[in-house]
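Data first, discussion second: the structure below is written as structure tokens.
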Amino acid sequence: MASIEIIPGINVVRGKFAGEFGFIACYLVIDEGEALVIDPGTAGDPGDRIEKTMKKFGLNPKSDLIGILCTHGHPDHAGGAGRLKKSTSAPIMIHSNDAELLRNPQSFFAKRLIMDRATRLSMKLDKGPLRINYRGLEPDVLLSDGQKIRVGTKTLDVILTGGHSGGHCVLYEGSQKILFSGDEINNFPNDPRKFYVDLSGSMVSKLAAINRLSKFDIEHLLPSHDVPYLFGEAHLQFESVRDGIVHLQDTILSHLGARGDADIEQLVFDIKQSRSVPIPESYDALLATTIQVVLEGLEEAGLVRHLGKGIWDKL
Ligand SMILES: [Zn+2]
């Protein structure tokens, strides 16, 4: 099946099942002969199924696609943008804080994740969705908070959340009460992936964004991984992300307290040991990076201190 129309005019074009990353979900918003792609996926997945879906609805991908919008610049969301632009000539849209990831995809490894050479090598060779096998390119439209994007008669509001990555945006469509939540609010129950962030991200921004979004009237929550929540309690998902962050902060504080002081590697070890659900090794870099960002937030709050050379202690 190439795609499913989950709500009138809203189609999910699903990629392959990407193991720990669930299904990669690309959304195609169609109205009055126009279409917008939200998160084109990796360089190959869902690939040309996006254009096939447009054709199924009688649209011409070369003239009717008004934009290729990336909620953020990670390879599993923006990796497919170049290929799709080549085949449709539609403009690529991304927030300026994540534009560097589009211009220079390797900066994802170099600037956004904590990883040693071995992890880097294994991730590069990995066939997973974070693989970078596409060229950099210049974005056509830089998104900003409060911007409105019109697709036929639908209007999508761009909201900068900046938690998962510094330039992460979500989109709200008021007439159908839909939130396209990208990676800011994900559908992975009881899993730390709900709040993995990169080095440009911020737990403070993530919590602030969740508070802001909690006030929206949302019936459908459409994340870019795994399955959407339809007619569900979107607010329960917000709660669950918030609880997850608070729990991780508490866990880090308690491990730091028990050790006296610790570096990130020791905290990754402690957290992996203490979880009842095993965290796959392929997440080591994501977990270390997320812990670093949590520590920076706790430092701002005056709860921990960086002693230098990557060693932290609790105040
Ligand atoms: Zn991401």
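In the numbering used here, each residue carries its 1-based index in the sequence shown increased by 2.
Quick reminder that beta carbons are idealized off the backbone N, C-alpha and C, glycines included.
Span of the beta strand (DSSP E), counted from its first residue to its last, around residue 7: Residues 6–9.
task: Leaving out five residues on either side along the sequence, give the residues of the same chain with a beta carbon under 8 Å from the beta carbon of residue 327.
output: Examination of residue 327 is not possible in this model, given that the chain is present from 3 through 317 alone.
message: Here's the rule I'm using: 16 or more other beta-carbon atoms within 10 Å means buried, otherwise exposed. How should residue 76 be labelled?
response: buried
- prompt: First and last residue of the beta strand (DSSP E) that includes residue 157?
  reply: 156–162
field: Chain-order list of residues whose beta-carbon lies under 7 Å from that of residue 216 (same chain, five-residue window excluded)
entry: 237 and 240
message: For the pair the region 28–42 and the region 131–144, tell me if three or more CB-CB distances fall below 8 Å.
response: no
Between the CA atoms of residue 35 and residue 248 - distance to the nearest angstrom: 44 Å
- prompt: So, does the CB of residue 197 fall closer than 8 Å to a CB anywhere in chain B?
  reply: The chain labelled as chain B is not found in the depicted structure, where only one protein chain is given.
task: Provide the residue(s) that pair with residue 36 in DSSP beta bridges, ordered along the chain.
output: 33
Integer Cβ distance of residue 318 from residue 95, believed to fall under 8 Å: Since the first residue shown for the chain is 3 and the last is 317, residue 318 is missing from the structure and cannot be characterised.
message: Can you determine whether any heavy atom of ligand 1 sits closer than 7 Å to the C-beta of residue 242, and answer yes or no?
response: No - ligand 1 has no heavy atom lying nearer than 7 Å to the Cβ of residue 242.
message: Is the separation between the beta-carbon of residue 255 and that of residue 305 shorter than 8 Å?
response: It is a contact, given that the beta carbons lie within the stated cut-off.
- request: Report yes or no: do three or more beta-carbon pairs, one from the region 91–108 and one from the region 135–150, lie closer than 8 Å?
  value: Touching, yes.
field: Residues surrounding ligand 1 [beta-carbon distance to nearest heavy atom under 7 Å]
entry: 74, 76, 78, 79, 166, 167 and 185
- prompt: If you run the structure through DSSP and keep just helix, strand and coil, what is residue 244?
  reply: Three-state DSSP puts residue 244 in a helix.
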